[in-house]
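Counting with my numbering, you get residues 483 to 607 for the letters of the sequence shown.
Every residue, glycine too, gets a C-beta built ideally from N, C-alpha and C.
Quick caveat, the model's predicted, so the values are computed rather than measured.
The block underneath contains the structure these notes are about, expressed in structure tokens.
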Amino acid sequence: MLLRHGIDICSIKRVEHIYLKYGRKFLTKAFTESEKLILLNTDKKNLNQKLAGKFAAKEALIKALDYTTSYSALREIEISHYASGKPCIILHGGILDHYNSLAAKDIILSISHEKDYAIASVIVL
Numbered sequence: 483m484l485l486r487h488g489i490d491i492c493s494i495k496r497v498e499h500i501y502l503k504y505g506r507k508f509l510t511k512a513f514t515e516s517e518k519l520i521l522l523n524t525d526k527k528n529l530n531q532k533l534a535g536k537f538a539a540k541e542a543l544i545k546a547l548d549y550t551t552s553y554s555a556l557r558e559i560e561i562s563h564y565a566s567g568k569p570c571i572i573l574h575g576g577i578l579d580h581y582n583s584l585a586a587k588d589i590i591l592s593i594s595h596e597k598d599y600a601i602a603s604v605i606v607l
């Protein structure tokens with residue numbers, strides 16, 4: 483069994499700047515429809531934190547899988563949550579086709595936020 487790990491850190495201010503500049507265009511390029519619905523219903527106080535955390539999680543998975551980075555790849559990765567609140571990853575599109583035996587249970591995701599940064603770590607079993 484090949485164990486893979488990916489980690490990414492994201493500046494919350496940088497993501498806030500991108501969101502303020504591009505708005506929904508940024509959301510459409512980087513997030514799934516389900517993620518956009520959740521993000522657009524998030525209170526403004528926590529929005530940039532959530533944006534940065536989800537973006538870091540997507541990048542961490544891309545690094546763990548050594549997958550080609552593109553905006554379409556970002557939309558093929560959905561950051562969701564179990565009923566317990568624990569984050570999980572759901573794959574769609576080309577990335578799902580490429581890793582068709584990979585299920586949410588095979589991916590361990592941790593996201594953390596601090597004042598200025600969000601960090602995500604992904605382990606693929």
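Between Y549 and I593, the CB-CB gap reaches or exceeds 9 angstroms.
A direct Cα-Cα distance of roughly 33 angstroms separates K518 from L484.
A check of alpha carbon separations from K507 across N582, Q531, L584, R557 identifies R557 as the nearest. The DSSP-derived three-state label of Y504 is helix. Rounded to whole angstroms, the separation of the alpha carbons of T514 and I605 is 22 angstroms.
Runs of the alpha helix (DSSP H) spanning 4 or more residues and lying entirely within the region 488-542 occur at 494-504, 506-512, 515-522, in chain order. In this structure, E560 sits away from N530, with a CB-CB distance that is not shorter than 9 angstroms.
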